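Residues in the sequence shown are numbered consecutively from 0, following numbering that gives the first Met the number 0.
Yeah, the Cβ is synthetic: ideal placement off N, Cα and C, and Gly gets one too.
Keep in mind that this is a model prediction, so the values were computed, not measured.
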Amino acid sequence: MPRRTPRTALDRLRTSRRFPGFLKTASICVLVAGLLSPLTQTASAAQATASNDYCGGQCSDILPPGENGNATLAQILLNQAFGTQPSHAEDQLGPYANLAKGYPGLTDATVNSFFGDASFGVPSDQVASTEKPGGRSDVTIVRDKKSGVPHITGTTRYGTEYGAGYAAAEDRLWLMDVFRHVGRGQLTSFAGGAAANQGLEQQFYRSAPYTEADLQAQIDNAVARNGARGQQALADVNAYLAGVNAYIDASDSGRYFPGEYDLTGHKDPITNAGTIQHFKVTDLVALASVIGSLFGSGGGGEVNNALSLIAAQAKYGVEEGTRVWESFRERNDPEAALTVHDGQSFPYATKPADAQGQALPDAGSVTEEPLVYDRTGSAGTSAAKNASGGAARSALGSARRGMSNALVVSGQHTASGHPIAVFGPQTGYFAPQLLMLQEIQGPGISARGASFAGLSMYVELGRGQDYSWSATTSGQDIIDTYAVELCQDDYHYLYHGTCTAMDKLEQKNSWSPTTADGTAAGSYTMRVWRTKYGPVEYRATVGGKKVAYTSLRSSYLHEADSIIGFQMLNDPGYVKGPQDFQSAAQHINYTFNWFYAGSRHTAYYNSGDNPVRASGVDAEFPVWAQPAYEWRDWDPAGNTADYTPASAHPNSVDQDYYISWNNKQAEDYTTASWGDGSVHRGNLLDDRVKKLVAAGGVTRTKLVQAMADAALADLRAEDVLPKLLKVIGSSAVTDPTAADAVSKLQAWVTAGAKRTETSAGSKTYANADAIRILDAWWPLLVKAEFEPGLGSDLYTAITNAIPVDEAPSAGHGPTGSHAGSSFQYGWWSYVDKDIRAVLGESVRGGLTHEYCGGGSLGACRDLMISTLKQAAGATAAQVYPGDDQCSAGDQWCADSIVQRTLGGIKHGRIGWQNRPTYQQVVEYTSHR
């Protein structure tokens with residue numbers, strides 16, 4: 000029988016919404032892992048692993064909304080009608096939300112009021128259920144009472160992984176199914192033709208178009224290259240899949256499978272006719288491609304870079320225009336916040352002295368390669384076409400919103416003498432969540448933490464016996480754009496002098512209305528033209544020659560390779576210290592920053608297959624698809640090449656502290672996205688942690704408070720607004736409207752520049768008027784400050800590379816609005832450097848021109864006063880126009896976080912916080 004019993008949510012009353020739209024917000028990504036079903040109570044199995052725990056009760060974690068991400072049809076209908084929740088579906092949401100107002104009074108004794116106990120095992124009085132999945136004698140799944148997390152203990156490796164797969168399906172089967180179809184470009188045919196679903200499958204199919212043979216080859220190659228560990232990984236995957244499929248069969252025959260299968264027409268709720276397809280190995284590769292593309296693939300955007308450079312050169316001339324472009328690009332800004340700040344330099348993708356092989360397009364010749372053809376029915380609506388445009392922008396740009404943050408302090412600066420870490424991935428907010436919690440104990444595996452649904456054969460972010468690890472997206476450039484010269488027609492190109500046909504990859508999708516998604520019937524074909532240099536993204540002419548611009552990613556055709564690194568991280572026999580941790584992270588080919596904390600040491604390593612580029616190639620721009628400009632020792636058959644050695648990746652052991660919020664990793668290490676300048680959200684962490692370290696005696700409480708304080712900070716208000724007010728205050732403000740606005744803004748800065756409620760649950764911001772004014776003022780100010788000097792063409796081109804703003808209420812990236820993550824990309828560094836220059840202050844790595852008021856302090860001040868008055872006059876309804884979640888003018892709601900529904904269960908909104916979705920707080924007391 001299923002374990003999920005409906006209960007009424009404790010935190011708030013719910014207002015049900017119209018049911019047939021619940022899948023229409025499925026506009027993102029996910030993958031995998033863990034939970035349970037009930038049976039006999041057995042305490043001994045749960046307690047057996049606790050002797051391997053060296054954290055001393057000081058490891059905590061949290062992952063909202065809750066562990067249980069599956070619901071039967073009856074539970075979905077109860078949730079839609081009355082707001083009732085299946086057990087453990089949202090019991091982590093309240094504690095997570097409450098930290099926003101509770102952190103000032105936090106103590107070490109109350110940390111677990113806002114986080115869960117992440118110790119190994121389950122005390123005997125906290126066992127909620129125990130089961131032997133599939134009737135196996137070699138694995139036990141124990142669920143705890145507080146959060147329902149699965150604690151999987153196996154006596155054999157096969158049984159352990161079988162249990163992990165079974166638990167994953169118990170908790171995330173529907174989500175896993177959704178995302179295996181996303182990875183294959185088949186979401187609309189599976190879940191419905193909502194415009195958001197169309198956009199989602201298009202985004203990932205454009206980036207990772209694979210045939211079934213491609214998917215299988217990636218598995219075969221990963222296994223073959225990794226010897227015994229590769230063979231073990233394949234055995235683990237097969238056991239995991241056996242567990243997933245056993246749960247599918249059991250839930251189907253017992254009729255407690257996720258109700259979404261009924262609502263989307265895959266199962267008949269009366270007769271139970273229909274099939275839930277078993278999972279196979281290639282499904283997991285498809286799943287991995289979604290996660291890797293979304294969070295771990297830095298680079299791209301070279302064509303947009305070229306267009307903005309051409310615009311700069313058209314405005315200023317080639318030489319001056321190039322200098323202007325470089326000043327905005329901020330490849331290696333000397334004022335940028337760094338993760339490795341001890342002076343080490345790690346040159347990568349730096350600007351060559353004499354660029355070779357560049358293939359810049361002729362002005363006005365660039366066209367985006369179509370993806371969607373033969374639209375019928377609802378695929379031809381304006382909403383569908385808008386979704387396609389958004390998907391293309393997400394796939395083709397360099398602004399990858401991977402998010403996540405980390406604060407790690409060496410034991411030299413803590414009260415206990417042991418390192419402390421507060422870290423986690425910022426993966427958005429979904430129902431069910433993309434990640435899931437689990438503990439796995441078995442031969443060669445000992446870990447607890449979070450994994451992406453469907454990829455939870457290992458813990459991907461979490462803790463081992465005496466160490467924890469986590470990651471943030473790094474974004475260094477592993478994607479290059481090549482200009483392939485066309486021959487014969489538009490679908491043949493020159494490869495090493497031979498006219499070669501492009502591969503045509505197609506996916507045809509069609510859909511009809513269902514109970515879950517009432518979108519009218521429709522269909523289309525997605526078509527990608529693939530070359531040896533990757534899929535075609537644009538077409539243009541270069542020097543009059545017709546070319547196709549292709550995108551080559553080092554992790555393309557290598558979506559499965561990282562499994563070895565995760566296997567190592569879970570192996571207590573492999574990771575015994577910081578160097579072992581770094582060695583494991585070196586086996587992860589996606590672009591991440593990895594952090595380690597044990598009882599004695601801290602460590603950092605930047606992962607990714609960084610290709611060794613040909614001498615003189617500038618990674619910022621397209622280059623000719625010719626042997627002289629290819630990656631060193633590149634083999635197109637398997638997309639392999641020479642990669643930079645581990646020592647060339649930013650890495651460190653026992654630095655005084657580490658921070659990361661997707662900021663620059665180290666000196667001379669260039670990331671692909673724009674905006675690593677003097678003001679970055681990484682500064683919000685760096686400023687706070689630096690003060691703690693200087694004072695000494697850091698505790699878990701103090702580090703959590705630093706994170707939570709930064710999570711409520713408005714980056715613009717904290718780091719830029721004081722300089723704006725300094726310009727305005729250079730002479731008396733006589734205009735009453737401006738003076739009132741200045742007074743409110745100054746009061747907000749003095750109060751700490753936070754976006755925080757007047758009191759817990761008030762849903763009204765303190766300093767609400769000041770927040771409204773800045774939200775309205777920022778885009779007006781930036782446009783007035785920079786567009787006159789840059790000209791409209793160049794200004795627009797740069798805004799295509801980096802948006803002007805990313806306030807909490809903005810819709811951005813794959814997560815859309817109400818996503819929590821904010822202030823990752825914006826013009827705050829440009830404004831900061833420009834205003835300081837106008838004020839006559841020292842600026843390292845400044846812009847080439849002074850833009851505000853043409854460099855005149857008086858004219859700059861006049862511009863500010865004028866735009867400030869305009870902003871002050873904007874009503875709340877104009878600044879916050881409302882959406883499907885909020886009425887116009889509701890400021891708190893506009894910022895609020897929504898658990899975007901990827902299934903049938905809905906949850907309420909919570910107040911804004913800019914923090915990791917899954918988060919650990921750790922301080923180990925001893926070591927093996």
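- A613 has its alpha-carbon roughly 10 angstroms from the corresponding atom of W633.
- If you keep only unbroken alpha helix (DSSP H) runs of at least 4 residues inside the segment 785 to 819, you get 791 to 800.
- With a cut-off of 8 angstroms on Cβ pairs, the segment 280 to 298 is in contact with the segment 555 to 569, counting three or more such pairs.
- Per the coordinates, the alpha-carbon of V688 lies some 29 angstroms from the alpha-carbon of N569.
- Taking a contact as a CB-CB distance under 8 angstroms, the pair P635 and K503 does not count as one, their CB atoms being some 17 angstroms apart.
- For a cut-off of 8 angstroms, the C-beta gap from I275 to F256 is around 6 angstroms, short enough to register as a contact.
- By the CB criterion at 8 angstroms, Y492 and E505 fall outside the cutoff.
- Boundaries of the beta strand (DSSP E) harbouring R462: L460 to R462, taken from the DSSP string.
- Cα atoms of R142 and E66: separation of roughly 10 angstroms, rounded to the nearest angstrom.
- Look at Y372 here: in three-state DSSP terms it is strand.
- In this structure, the straight-line span from the alpha carbon of D248 to that of A796 is close to 54 angstroms.
- Three or more beta-carbon pairs separated by less than 8 angstroms are not found between the segment 568 to 583 and the segment 321 to 332, which leaves the two stretches without contact.
- Here the alpha carbons of F594 and S469 stand approximately 5 angstroms from one another.
- Under DSSP, R899 forms a beta bridge with F429.
- By the CB criterion at 8 angstroms, L862 and C851 fall inside the cutoff.
- Distance from the CA of D739 to the CA of A731, rounded to the nearest whole angstrom, comes to 13 angstroms.
- Here Q440 carries a strand assignment [DSSP, helix/strand/coil].
- Looking at the DSSP output, I140 sits in a beta bridge with E130 and I151.
- The segment 680 to 756 is shown to contain whole alpha helix (DSSP H) runs of 4 or more residues at 680 to 694, 699 to 710, 714 to 718, 720 to 727 and 735 to 750, in chain order.
- Q487 is classed as exposed because its beta carbon has fewer than 16 other beta carbons within 10 Å across all chains shown.
- The three-state reading of DSSP puts K350 in coil, since its state is none of H, G, I, E or B.
- Assignment of Q197 by DSSP, reduced to helix, strand and coil, places it in the helix class.
- With a 10 Å radius around the Cβ and a threshold of 16 neighbouring Cβ atoms, K905 comes out buried.
- Excluding sequence positions up to five before and after A818, its CB lies within less than 6 angstroms of the CB of G427, all in the same chain and listed in chain order.
- Annotation note: the segment 488 to 520 contains no uninterrupted alpha helix (DSSP H) run of length 4 or greater.
- Annotated three-state conformation of N67 is coil, per DSSP.
- Between the segment 435 to 443 and the segment 614 to 626 there are fewer than three inter-stretch CB-CB distances shorter than 8 angstroms, so the stretches are not counted as touching.
- Nearest C-alpha to V407 among L72, E169 and N592: N592.
- Burial is judged here by how many other beta carbons sit within 10 angstroms of a residue's own beta carbon; E211 has fewer than 16 and is exposed.
- Put simply, of T83, D579 and Q890 the residue whose alpha carbon is nearest the alpha carbon of I770 is Q890.
- For S816 and P880, the gap between their C-alpha atoms comes out near 13 angstroms.
- Here V280 carries a helix assignment [DSSP, helix/strand/coil].
- Under a 10 Å Cβ-count criterion, T757 is classified as exposed, with fewer than 16 other Cβ atoms of the shown protein chains found around its own Cβ.
- At the C-beta level, N588 and P649 stay beyond 8 angstroms of one another.
- Where N78 is concerned, the enclosing alpha helix (DSSP H) starts and stops at L72 to F81.
- Boundaries of the beta strand (DSSP E) harbouring E536: G533 to V541, taken from the DSSP string.
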